Structures are given as structure tokens and as C-alpha cells.
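A short worksheet on the structure shown next.
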Ligand code: DC
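Numbering (the working numbering), first residue to last: 385 to 596.
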């Protein structure tokens, strides 16, 4: 069983995906982490994520980079978003994601294009979203709690701007833009609390399992 969990930045999709995977006893892949590793590797190489050749060269990042906490910073997210617009980069990361999705026993993958490009054949497709304000606030609280970014504390208004810019880039890119698959269940976590959202997710998954 393949479960696709897509949505914009800080929508809570990562938490839902991990929880769901644990509940079902299947592995989970945070595909954003792969793009973050590419973005970070471009910076390590001294390249520019807006240049396709630089971004493509960074796709053979070492696996140990995936464990680096620096990938969780706003800066890495922004580098990832810029590197991810290049079709060459998306193509280079496709096989790895598809192989993960196809593993026996099933898998949960979260990202932007799982239900539309990586696994259009997914058994369940979820699109998790929330208002810009609530996503920015969530991201800001997370940063304050974890003190991930080493810069001085970034004001909430700055994070909000970054969320808007990231949404625009992810939605408007030509290749595999961020959008809900027509057959995805859209869950807005602005109006639902975490538990209620997860209940809805479990129900959708159960329904899909019953149909098999
Ligand atoms: O989910 P995230 O914030 O870790 O993702 C970081 C960036 O990576 C996001 O702004 C766009 C890109 N991305 C993508 O293009 N496709 C995916 N499946 C996952 C992430």
C-alpha cells in the first residue's frame, strides 16, 4: 500500500506522515529532506541553486548529509525550494523516491508531488494544508523551541514572507508543481486540531484498506 501525503511548507504533513507510518508499521520517506540535501550540497560546493547545472551536480550528495540537523533550518528549506524547480533535479531524485514507494509491504511518502508524479497510483492520497498565518506561526514556534537557526531570532513577519515566497515558487514551477491530485483528500489543519486531523486521515486510510 502506497500512501501519498502532500502539502505546502509547515502544513503539518510531516508529522501526519510519520504518525501514520508508525501506526501502520511501514517506513516513511520525507522527500523534502532529499531536496534540502541538494540545496545544502549546492551551498557546500559554492554553487548557485538557481543554476540547473549547479543543482544537478549537488544531487550526488553523501547520504550522511541527510542526518545533518542543518537541513531543518529555514535557509536549507529555501535553498531546497530554489534547487527543486529544475526538471533535471527532479528527474535525478525520482528513482530513489519511486523505489521507496514500491517496496514490499508498502510505504508512506510526504512531499509536494507524491500523489501527482512520484506515485499517481497511490492507494491513499492526502493533501494537508493550512492558512499562511498558522503555518508561519507553527514554523516560528518550532524555530524558537529548537533554536535551529543560528542567526538572531527571526521575526514572525519574516517567516510569513518566506512561507509566501516558498508557496509561490512551489506552486508556480513548471515541473511537478505543488497541487492536490484530483483524487486527494484535502485536510485543512487551520480549522482542525492535530488529533481531529489525524482521525480524518485514519478514516480515509481505513476506507481505502477496506476497498482493497
Ligand atoms: O517539505 P520541505 O519543506 O522539507 O521541502 C523543502 C523544499 O523542497 C520545498 O519548498 C520544495 C521542495 N520539494 C519538492 O519540490 N518536492 C517534494 N516532493 C518535496 C520537497
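By construction, the Cβ of each residue, glycine as well, lies at the ideal position given by its N, Cα and C atoms. Computed from a prediction, not measured in an experiment: that's the story for all the values here.
- Residues of the same chain with a CB within less than 6 Å of the CB of residue 497, apart from the 5 flanking positions on each side, are 560 in chain order.
- Here DSSP, grouped into helix, strand and coil, assigns residue 463 to helix.
- DSSP lists 388 as the beta-bridge partner residues of residue 509.
- Taking 9 Å as the cut-off, the beta carbon of residue 551 is found closer than this to the beta carbon of residue 393.
- With respect to the 9 Å criterion, residue 578 and residue 415 are not classified as neighbours on the basis of their beta carbons.
- Per DSSP, the continuous alpha helix (DSSP H) segment holding residue 516 begins and ends at 516 to 530.
- Residue 502 has its CB nearer than 8 Å to a heavy atom of ligand 1.
- A direct Cα-to-Cα measurement between residue 502 and residue 431 gives close to 27 Å.
- Sorting 540, 591, 524 and 403 by C-alpha distance to the C-alpha of residue 581 places 403 at the top.
- Non-local beta-carbon contacts of residue 434 in its own chain, meaning distances under 6 Å to residues more than five positions away in sequence, involve 466 in chain order.
- A straight-line Cα-Cα distance of about 12 Å links residue 472 and residue 422.
- For residue 477, the uninterrupted alpha helix (DSSP H) run begins and ends at 471 to 485, by DSSP.
- Judged by DSSP secondary structure, residue 586 falls within the alpha helix (DSSP H) whose first and last residues are 578 to 595.
- Residue pairing by DSSP places residue 491 opposite 386 in a beta bridge.
- Comparing alpha-carbon positions, the option among 389, 456 and 417 lying closest to residue 529 turns out to be 456.
- Burial is judged here by how many other beta carbons sit within 10 angstroms of a residue's own beta carbon; residue 554 has at least 16 and is buried.
- Taken atom to atom, the span from the alpha-carbon of residue 492 to that of residue 588 is near 14 Å.
- The beta-carbon distance between residue 405 and residue 426, rounded to whole angstroms, is 29 Å. This is too long to meet the 8 Å contact definition.
- The beta carbons of residue 538 and residue 458 sit closer together than 9 Å.
- Annotated three-state conformation of residue 571 is strand, per DSSP.
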